[in-house]
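Q: One structure is given below, represented as structure tokens, and several questions about it will come after.
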Amino acid sequence: MHSLNTSEYSRGRKRRNSEDEEMDDISHRSLLAARKELKKHKSIQKRTARIAILETMEKEALIHIIQNFLHKQPELIRDVMTYIPEPTIASAMNVLLDMEKKFINSFPFNKHGPGRDDYTFSRVREPLADLIDTLVRYANHFTSPRVFPTTTFTFLDYAAHIAHRLPVWDNENHNRLKQNLYQQLNEFWKTAIQSTASKLREGEIYSPESVSEWAKSLAQHDSFTGGFYFTESVHEFTRQLGFMIGLTTANDLEDKAATPVCHLAPLETTFTSTSVVGDRR
């Protein structure tokens with residue numbers, strides 16, 4: 001009898017010990033899971049906090065951070081660029097108009113209006129150079145063969161408008177920035193014309209109405225600059241695309257002396273930022 005009681009007691013103790021071990025194991029796993037969940041929650045909080053900080057940063061500061069990051073790890077440039085969408089006319093013009101506004105606001109106060117002297121130029125030279133450099137970079141993008149001609153010519157039209165609005169300085173040396181920009185734009189127009197003509201020969205179709213709009217835009221800019229900067233583009237347009245709007249015949253495409261695009265009325269260049277982005281998007 002005593003032996004039986006001892007055996008039952010032993011089994012009961014083992015069962016309790018086993019249950020206690022199971023409880024301890026469950027408690028341990030629960031504690032680990034809770035710690036893991038807490039760590040995950042804190043990690044999410046940290047990421048959320050970082051995102052919130054990035055979302056509230058000024059654009060210039062964020063750009064500076066990205067530039068420094070890519071400077072230290074240039075091997076990541078290609079990967080980062082895959083996440084950056086290509087610019088549209090609207091986005092490009094918003095950037096350029098903001099830069100143009102920054103340039104205008106950099107002029108020192110003058111009760112007689114914005115000056116054109118050497119001192120004023122020294123004060124605005126940096127934002128002016130930044131504006132021109134950014135415009136040229138966008139022009140490089142929009143004149144690439146993968147961009148549709150209507151988009152290309154629309155951007156070049158807007159770019160020429162910005163060039164027209166740049167001031168003429170008292171010191172002729174300071175005007176070289178604007179003159180060089182005109183020369184670069186002339187080259188971009190020629191590139192766009194040649195690319196469009198090549199696509200036309202490959203079978204792409206453009207309406208005469210679209211071609212006529214491109215021609216009128218180019219003719220206006222040539223007229224506004226007195227025929228000094230866009231004449232080459234005018235002749236190239238006539239030679240390559242003029243036959244589509246009755247300026248030449250198809251057989252005369254190789255004739256370099258083809259009739260130039262007719263000049264139009266003086267060009268208005270004082271439109272607002274809203275009209276620039278909204279009228280021809």
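Take the sequence shown: its letter number 261 is residue 261 in the UniProt record's numbering, and every next letter is one higher.
Every residue gets a Cβ at the ideal spot worked out from N, C-alpha and C, and that includes glycine.
On a predicted model such as this, the values are computed, not experimentally measured, just so you know.
Could you give the distance in angstroms between the alpha-carbon of S223 and the alpha-carbon of Y229?
A: The straight-line gap from Cα to Cα measures roughly 10 Å.
Q: Keeping to the same chain, check which residues put their C-beta closer than 6 Å to that of S217; ignore five residues upstream and five downstream.
A: Correct list, in chain order: D157.
Q: At the level of alpha carbons, what is the spacing between W189 and N171?
A: In this structure, the straight-line span from the alpha carbon of W189 to that of N171 is close to 28 Å.
Q: Beta carbon of N171: closer than 8 Å to some heavy atom of the ligand NAD?
A: The ligand NAD is not among the ligands present in this structure, which contains no ligands whatsoever.
Q: Mind the definition here: the stretch 231–245 touches the stretch 178–195 only if three or more C-beta pairs lie below 8 Å; say whether that holds.
A: yes
Q: Determine, using beta carbons only, whether P87 and Y119 come nearer to each other than 9 Å.
A: When the beta-carbon positions are compared, P87 and Y119 stay at least 9 Å from each other.
Q: For L62 versus L70, is the C-beta spacing smaller than 9 Å?
A: no
Q: Does DSSP put F155 in a helix, a strand or coil?
A: helix
Q: Indicate the three-state DSSP secondary structure (helix, strand or coil) for T143 in the structure shown.
A: Three-state result, T143: coil.
Q: Cα separation between A197 and N186?
A: 17 Å
Q: Quick check on H221: does DSSP put it in helix, strand or coil?
A: Three-state result, H221: helix.
Q: In the structure shown, what three-state DSSP assignment does M57 receive?
A: Here M57 sits in coil by DSSP.
Q: By DSSP, does Y206 sit in helix, in strand, or in coil?
A: coil
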